[in-house]
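Undergrad: Mind looking over this structure? Questions follow.
In structure tokens:
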């Protein structure tokens, strides 16, 4: 891989990637990529017999702490909202 290709390895949130592109971006093996897909860790869309992965999915995999933080804030708000309703 040359320097130009390395610079193009930025993950774009709204871009659609193939499994091979995702594998290269995540720097994992083909079997690891498929294992992550099959276990539902990476959410995909199946087009024909091929998978397509949104860039935001790859970014989520690389920064799971962000998703955890958003989930905690959401649950805190939900509990507050339902506090008076559940009585």
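Residue numbers (the numbering used here): 24 to 110.
Built from N, CA and C at the ideal position, the CB exists for glycine as well.
All values reported here derive from a predicted model rather than from experimental measurement.
Quick one: what does DSSP say residue 77 is sitting in, helix, strand or coil?
TA: Correct three-state label for residue 77: strand.
Undergrad: So the beta strand (DSSP E) residue 69 belongs to, where does it begin and stop?
TA: Its beta strand (DSSP E) spans residues 68-70.
Undergrad: Could you tell me the boundaries of the alpha helix (DSSP H) in which residue 106 lies?
TA: Neither: residue 106 is in no alpha helix (DSSP H) and is coded neither H nor E.
Undergrad: Which residue comes first and which comes last in the alpha helix (DSSP H) that contains residue 60?
TA: Its alpha helix (DSSP H) spans residues 53-61.
Undergrad: How far does the alpha helix (DSSP H) with residue 44 in it reach, from first residue to last?
TA: Where residue 44 is concerned, the enclosing alpha helix (DSSP H) stretches over 42-49.
Undergrad: Please classify residue 32 as buried or exposed, where buried requires at least 16 other C-beta atoms within 10 Å of its C-beta.
TA: That one is exposed.
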